[in-house]
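Position in the sequence shown (from 1) plus 134 gives the number in the working numbering.
Below: the structure, in structure tokens.
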Amino acid sequence: MRWLSVVGLLTVWLAAGDGMAAVKTWVVGTEQRPWAQSGKITAFDEVSGALQSREYKPYQNILQGLDKRDNEGKTIWLPEGAWQRWHVDFDYVLGEDPRSSYTHQHPFFLDGDPEIGYAALEPARTYKGVRYLFDTGVLVPANRFVFYPQQTGILPRTGVPLREYYMRAYQVSATAKLSQERLTGWGTDPLEVLLGEEPHNFKHVPVIDFPLQPLRVFQLTNLALTGFSLGEIELYGEGFAPEAWYTTEVIDLGAPVNIGRVSWDFKKFRWRKQWQWIGPSSSEELRLQTRAAPELWQVIGGDPEPIEW
Numbered sequence: 135m136r137w138l139s140v141v142g143l144l145t146v147w148l149a150a151g152d153g154m155a156a157v158k159t160w161v162v163g164t165e166q167r168p169w170a171q172s173g174k175i176t177a178f179d180e181v182s183g184a185l186q187s188r189e190y191k192p193y194q195n196i197l198q199g200l201d202k203r204d205n206e207g208k209t210i211w212l213p214e215g216a217w218q219r220w221h222v223d224f225d226y227v228l229g230e231d232p233r234s235s236y237t238h239q240h241p242f243f244l245d246g247d248p249e250i251g252y253a254a255l256e257p258a259r260t261y262k263g264v265r266y267l268f269d270t271g272v273l274v275p276a277n278r279f280v281f282y283p284q285q286t287g288i289l290p291r292t293g294v295p296l297r298e299y300y301m302r303a304y305q306v307s308a309t310a311k312l313s314q315e316r317l318t319g320w321g322t323d324p325l326e327v328l329l330g331e332e333p334h335n336f337k338h339v340p341v342i343d344f345p346l347q348p349l350r351v352f353q354l355t356n357l358a359l360t361g362f363s364l365g366e367i368e369l370y371g372e373g374f375a376p377e378a379w380y381t382t383e384v385i386d387l388g389a390p391v392n393i394g395r396v397s398w399d400f401k402k403f404r405w406r407k408q409w410q411w412i413g414p415s416s417s418e419e420l421r422l423q424t425r426a427a428p429e430l431w432q433v434i435g436g437d438p439e440p441i442e443w
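Put into structure tokens, the structure is as follows:
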């Protein structure tokens, strides 16, 4: 697995009084002009002044590490149906920033707080087909989907803790493609990839494991007639971001200039993780042992798989 670290440079020639040109260089990615303050970062991590393709760790909730955040550090999800207003107020970029089918920028099921949730528990209603759909904005390497009810509080009508009202039947699906039609309306039709389905669920915290793959749009659908409480949805995976963007702000050099060279300084790295499976010592004892070498980052000299830019 490779990634690239990046430094951006813009060389300009300024006309001098004696007819000679004064050469100046505008650089982004320095302490004086950091990446985050000079443009929009999507699926990159800023490490030691450079940008590196984001690495997702198997123990980190992907949904709490997306790039679009408010002043309090919370992920902002574009409420579907409010595009014209929200893309101006929060500078959204379609195809990069996260959004959901919910009507608030901080959906209760994506806010990282399991003590805040939604109780769909009106006795006279049927809740079959209620769905929660969200778009991470970028492809993410995912292999685990987790959801669970609100962890605190009780239902006043019954006195039963809300955590006992978990979904009795559910379906989880996803797709790597953006589908505008699927972000609006209701329905139980799954997305392109069916990740898991359980018509008789008895687990408070369902954990749906599936083969690691790049996905972007996810849908959780309730298949039971009865109501439920939903406190949080979590998404996990591992590997590097399949795609990443960096877009600078408008570069104002203060005067008309002749642009000489625009260049990026790339350094190629390779990630190596060695492991070995050791079989059982006898038929009476079955054990799985792993031997892991330290993760090595090293600059590659002659890369056998060059990337063209």
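Idealized CB from N, CA, C, for every residue including glycine.
Source: prediction; values computed, not measured.
Contact between R302 and T360 holds, since their C-beta atoms are separated by about 6 Å, short of 8 Å. A310 is positioned such that its CB atom lies no closer than 8 Å to that of R188. When Cβ pairs closer than 8 Å are counted between the two stretches, the segment 282-301 is seen to touch the segment 239-259, the count reaching three or more. When the beta-carbon positions are compared, I385 and W169 stay at least 8 Å from each other.
Each residue's CA atom was taken as its position, placing N335 and D323 some 19 Å apart. Just measuring C-alpha positions, the residue of S182, Q305, H338 sitting nearest V327 is Q305. Contact holds between the segment 265-274 and the segment 224-242, because three or more Cβ pairs, one in each stretch, are under 8 Å apart. Here Q171 carries a helix assignment [DSSP, helix/strand/coil]. Spatial neighbours of L329 in its own chain (CB-CB distance under 7 Å, excluding positions within 5 residues in sequence) are listed in chain order as F279, V306, S307, A308, I342, F344. Between H238 and K208, the CB-CB gap reaches or exceeds 8 Å. Our two residues, L200 and Q353, have alpha carbons roughly 18 Å apart in a direct line. Excluding five sequence positions before and after K191, none of the CB atoms of its chain fall closer than 6 Å to its own CB.
The closest CA to that of G371, considering only E256, Q186, N195, Y299, is found on N195. With fewer than 16 neighbouring CB atoms inside 10 Å of its own CB, E298 falls in the exposed class. About 7 Å separates the beta carbons of V351 and L267, which is inside the 8 Å limit, making them a contact pair. Judged by DSSP in its simplified three-state form, Q347 adopts strand. Listed in chain order, the non-local C-beta contacts of P348 below 6 Å within the same chain comprise L273, P275, A310, P376, local neighbours out to five positions each way being set aside. Within the segment 175-211, the complete beta strand (DSSP E) runs of at least 3 residues fall at 178-181, 184-187. Note on N392: under 16 other CB atoms within 10 angstroms of its CB, so exposed under the neighbour-count rule.
With respect to the 8 Å criterion, S172 and L255 are not classified as neighbours on the basis of their beta carbons. Collapsing the DSSP output to three states places L328 in a strand. Its chain contains I288 as the residues whose beta carbon lies nearer than 6 Å to that of P295, once the 5 sequence neighbours on both sides are disregarded; these appear in chain order. Classified as buried, Q186 has 16 or more neighbouring CB atoms from the shown chains inside 10 Å of its CB.
In the DSSP assignment, P275 falls within the unbroken beta strand (DSSP E) covering 265-282. If you look at E368, you'll find it in the beta strand (DSSP E) that goes 366-371.
Between the alpha carbons of R259 and A358 lies a distance of about 12 Å.
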